[in-house]
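Taking it in order: structure first as structure tokens, then the write-up.
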């Protein structure tokens with residue numbers, strides 16, 4: 003659903019629930035982390051962070067995730083590039099607004 007901290011942010015809706023995969027900087031340490039969170043609970047302070055991983059990459063890593071509120075074992079992500087587009091094209095055409103976590107950029 004756009005960019006956050008210089009990386010793509012992914013969103014998935016499942017009924018009334020909304021899940022986000024995004025990268026964010028930890029304020030206290032400055033460390034970049036990727037998070038898998040539930041974000042439909044009326045404000046960022048009520049988001050539920052299920053998993054995270056320390057990683058500075060512009061794409062989420064497939065391994066290394068740690069459970070916070072999520073079940074073990076943590077997920078192993080697989081991103082599939084369905085169509086290569088320049089990031090500007092992705093943002094202008096809103097192709098990134100998919101119901102599933104799919105990366106579409108070059």
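Residue numbers (our numbering): 3 to 108. Ideal Cβ placement from N, Cα and C applies to all residues, glycine included.
In the DSSP assignment, residue 14 falls within the unbroken beta strand (DSSP E) covering 9 to 16. Non-local beta-carbon contacts of residue 68 in its own chain, meaning distances under 8 Å to residues more than five positions away in sequence, involve 53, 54, 55, 76 in chain order. For residue 23, the enclosing beta strand (DSSP E) starts and ends at 19 to 27.
The residues 9, 10, 81, 105, in chain order, have a CB closer than 8 Å to that of residue 61 in the same chain once the five nearest residues on each side in sequence are set aside. Residue 48 sits in a helix when the DSSP states are folded into three classes.
Collapsing the DSSP output to three states places residue 56 in a strand.
In this structure, the beta-carbon distance from residue 40 to residue 49 falls below 9 Å.
By alpha-carbon distance to residue 23, the top candidate from 57, 13, 79, 66 is 13. Around the C-beta of residue 35, 16 or more other C-beta atoms lie within 10 Å, and the residue is accordingly described as buried. Per DSSP, residue 35 is one residue of the beta strand (DSSP E) stretching across 34 to 40. With a beta-carbon spacing of about 6 Å, residue 51 and residue 71 fall inside the 8 Å limit used to define contacts.
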